[in-house]
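A.B. asks: The listed protein sequences derive, respectively, from chains A and B.
Residue 295 in the numbering used here sits at position 103 of the first sequence; the count goes up by one each step and never skips.
Residue 80 in the numbering used here sits at position 73 of the second sequence; the count goes up by one each step and never skips.
Even glycine gets a Cβ: it sits at the ideal position worked out from N, Cα and C.
I have a structure here, written as structure tokens, and I will follow up with some questions on it.
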Amino acid sequence: GDSVIQMQGQVTLSENDFLFINCTYSTTGYPTLFWYVQYSGEGPQLLLQVTTANNKGSSRGFEATYDKGTTSFHLQKTSVQEIDSAVYYCAMRASNMGYKLTFGTGTSLLVDP
Amino acid sequence: DTTVKQNPRYKLARVGKPVNLICSQTMNHDTMYWYQKKPNQAPKLLLFYYDKILNREADTFEKFQSSRPNNSFCSLYIGSAGLEYSAMYLCASSRAGSAETLYFGSGTRLTVL
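Pasting the structure below:
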């Protein structure tokens, strides 16, 4: 079945460091890929989405792309700030799975000031 | 207003007793979802309503029930709580469509003793 693998459980950075989080996906359909962010005490919210391979999505200084050849997609930010401390989830919706959004296990980002 | 509201924020239940969680949204979204989130695991889709039609995931089919008396309101019902039901329960809503954003509530943390 469809799956999303997110290996990095916890990442600690200092302000102005570079952030890179990677996910891999598996599906027999055509995927739309998402990054959701969850701040403390809140529910997940959409950060950005990518619907076409090799195209970039961007929002709030974050960028995401996906590589159809390696079935991977990643989130990056050039210079993180303390306010970016949150849990980041990659997620996939496949064309053959209707409304189902499949999530990764999440990466907890802590940015030290 | 893009708010999804969940009540209560924390819920304590006894093993073998029923549990009812409540969610509401005012965005006139036709689809509402319930996810279960346990530590170090990905959010797991339990069921969703598209309009008045309930769709339950195969592996949780018998464990959870739901009702949607109107477009704005959706509940999640556990007939007999077990220790394994302790988790964060996230409600979300969206418009129909594979690329539509899910809007999440802040969740209800259920502890079963």
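Check the Cβ of Thr108/B against every Cβ in chain A and list those closer than 9 Å, keeping chain order.
C.D. replies: Phe226, Gln237, Leu238 and Gln241
A.B. asks: Relative to the alpha-carbon of Ser100/B, which residue among Asn27/B, Gln32/B and Tyr17/B has its alpha-carbon at the smallest distance?
C.D. replies: Gln32/B
A.B. asks: Runs of 3 residues minimum, wholly inside the region 202-239 of chain A: which ones carry the beta strand (DSSP E) assignment?
C.D. replies: 202-206, 211-218 and 223-230
A.B. asks: Start and end of the beta strand (DSSP E) containing Gly249/A?
C.D. replies: Lys248 to Ser251 is the span of the beta strand (DSSP E), which, as asked, contains Gly249/A.
A.B. asks: What do you reckon, are the CB atoms on Ala278/A and Ser232/A nearer than 9 Å?
C.D. replies: yes
A.B. asks: Cβ atoms of Leu225/A and Gln202/A: under 9 Å apart, would you say?
C.D. replies: no
A.B. asks: Please check if any C-beta of chain B sits within less than 9 Å of the C-beta of Gly249/A.
C.D. replies: no
A.B. asks: Pair every Cβ in the region 55-71 of chain B with every Cβ in the region 79-93 of chain B, then say whether three or more of these pairs are closer than 8 Å.
C.D. replies: With a cut-off of 8 Å, the region 79-93 of chain B and the region 55-71 of chain B count as touching, because enough Cβ pairs lie within range.
A.B. asks: Among the candidates Asn47/B, Pro46/B, Lys45/B and Thr38/B, whose CA atom is the shortest distance from the CA of Leu54/B?
C.D. replies: Thr38/B
A.B. asks: Give a yes or no on whether 9 Å exceeds the smallest Cβ distance from Phe265/A to chain B.
C.D. replies: no
A.B. asks: Quick one: Cα of Met34/B to Cα of Pro50/B, how far?
C.D. replies: 23 Å
A.B. asks: Check Asp58/B in the structure and name its three-state DSSP category.
C.D. replies: coil
A.B. asks: Between which two residues does the beta strand (DSSP E) carrying Thr10/B extend?
C.D. replies: Boundaries for Thr10/B: no beta strand (DSSP E) harbours it, and the DSSP string shows neither H nor E there.
A.B. asks: Going by Cα to Cα distance, which pick from Thr67/B, Tyr56/B, Tyr57/B and Arg21/B is closest to Gln43/B?
C.D. replies: Residue Thr67/B is the option with its Cα nearest to Gln43/B.
A.B. asks: Residues of chain B with a CB under 8 Å from the CB of Thr297/A: which are they?
C.D. replies: Asn47, Gln48 and Ala49
A.B. asks: Nearest CA to the CA of Thr244/A: which residue from Glu234/A, Pro223/A, Ser251/A and Gly253/A?
C.D. replies: Pro223/A
A.B. asks: Our contact map puts Val272/A next to Asp194/A with C-beta atoms below 8 Å; I'd like the distance itself, whole angstroms only.
C.D. replies: Rounded, the Cβ-Cβ distance is 30 Å, inconsistent with contact.
A.B. asks: For Ile275/A, count neighbouring Cβ atoms within 10 angstroms of its own Cβ and tell me buried if that reaches 16, exposed if not.
C.D. replies: exposed
A.B. asks: Could you give the C-beta distance for Gly290/A and Gln198/A, rounded to a whole number, given that I count them as a contact under 8 Å?
C.D. replies: Contact doesn't hold; Cβ gap of about 22 Å is too wide.
A.B. asks: Please confirm if Gln200/A has its CB atom under 9 Å from at least one CB of chain B.
C.D. replies: no
A.B. asks: Mapping the DSSP letters down to three states, classify Thr299/A as helix, strand or coil.
C.D. replies: Three-state result, Thr299/A: strand.
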